[in-house]
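S.K.: Please find one structure pasted underneath; my questions will follow.
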Amino acid sequence: MIGESYPRAYEHLRSALNAKAELNTFWSELLDDEFLDQGLVTEADGTGCLTVYAMWPYDAREELTKFFRTFINELWGCLDTLVIESAENFSVQQRLQASERPGSFPSPTRRSRWRNCSTSPASTASSRRKHK
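In terms of UniProt numbering, the sequence shown has 22 at position 22, counting the first letter as 1, and numbering is strictly consecutive.
What follows is the structure in structure tokens.
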């Protein structure tokens with residue numbers, strides 16, 4: 001449904017989902033390589049401290065950042081494009097020109113009246129003077 005009504009936004013959404021999948025795959029590979037280590041210290045009273053150390057492989061942070069940035073940028077692009085495509089799909093200008101577009105103003109039975117009307121203030125004013 002979204003792909004039919006909002007094709008450009010849908011492309012951004014697909015790109016975002018692809019970037020998320022790449023991010024997840026890369027993160028899983030890092031976890032499989034055991035780049036995290038932990039240390040646990042327990043005191044006599046039962047309290048303690050758990051410390052986790054990350055031993056980042058070369059360029060791993062940059063790669064994760066790249067995937068995450070792409071994911072976020074594509075989501076923003078999707079939202080921006082949804083607004084643009086919504087305005088294009090539901091604007092009065094579009095409904096006047098494309099009968100297949102949904103809308104309630106103007107009604108299809110009165111379309112010819114609206115098509116012939118001028119919207120310039122000068123022609124509207126002169127039209128009023130003629131009818132007085």
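Backbone N, C-alpha and C fix where the C-beta goes; we use that ideal spot for every residue, glycine too.
Apart from the five residues just before and just after Asn24, which ones in its own chain have a Cβ nearer than 8 angstroms to its Cβ?
M.R.: The residue given as residue 24 occupies position 24 in the sequence shown. None.
S.K.: If you pair each beta-carbon of the region 56-69 with each one of the region 77-87, do three or more pairs fall below 8 angstroms?
M.R.: no
S.K.: Can you name the residues that DSSP bridges to Val41?
M.R.: Taking the sequence shown and counting its residues from 1, the one referred to as residue 41 is at position 41. Partner(s): Cys49.
S.K.: Tell me whether residue 136 is buried or exposed, calling it buried when 16 or more other Cβ atoms sit within 10 Å of its Cβ.
M.R.: The structure shown has nothing for residue 136, since the chain only spans 1 to 132.
S.K.: Tell me where the alpha helix (DSSP H) around Ser86 begins and ends.
M.R.: If you number the sequence shown from 1, residue 86 lands on position 86. Per DSSP, the continuous alpha helix (DSSP H) segment holding Ser86 begins and ends at 60-90.
S.K.: Could you check the C-alpha separation between Ser86 and Pro7 for me, to the nearest Å?
M.R.: For the purposes of this step, residue 86 is taken as the residue at position 86 of the sequence shown. For the purposes of this step, residue 7 is taken as the residue at position 7 of the sequence shown. In a straight line, the C-alpha of Ser86 is about 11 angstroms away from that of Pro7.
S.K.: Ignore the nearest five residues each way along the sequence and tell me which others in Gly39's own chain have a CB closer than 6 angstroms to its CB.
M.R.: Start at 1 with the first residue of the sequence shown, and residue 39 comes out as number 39. So the list reads Thr51, once near-sequence residues are dropped.
S.K.: Just list the residues that DSSP pairs Leu36 with in beta bridges.
M.R.: What you label residue 36 is simply residue 36 of the sequence shown in a count that begins at 1. DSSP output for Leu36 lists Ala54 as bridge partner(s).
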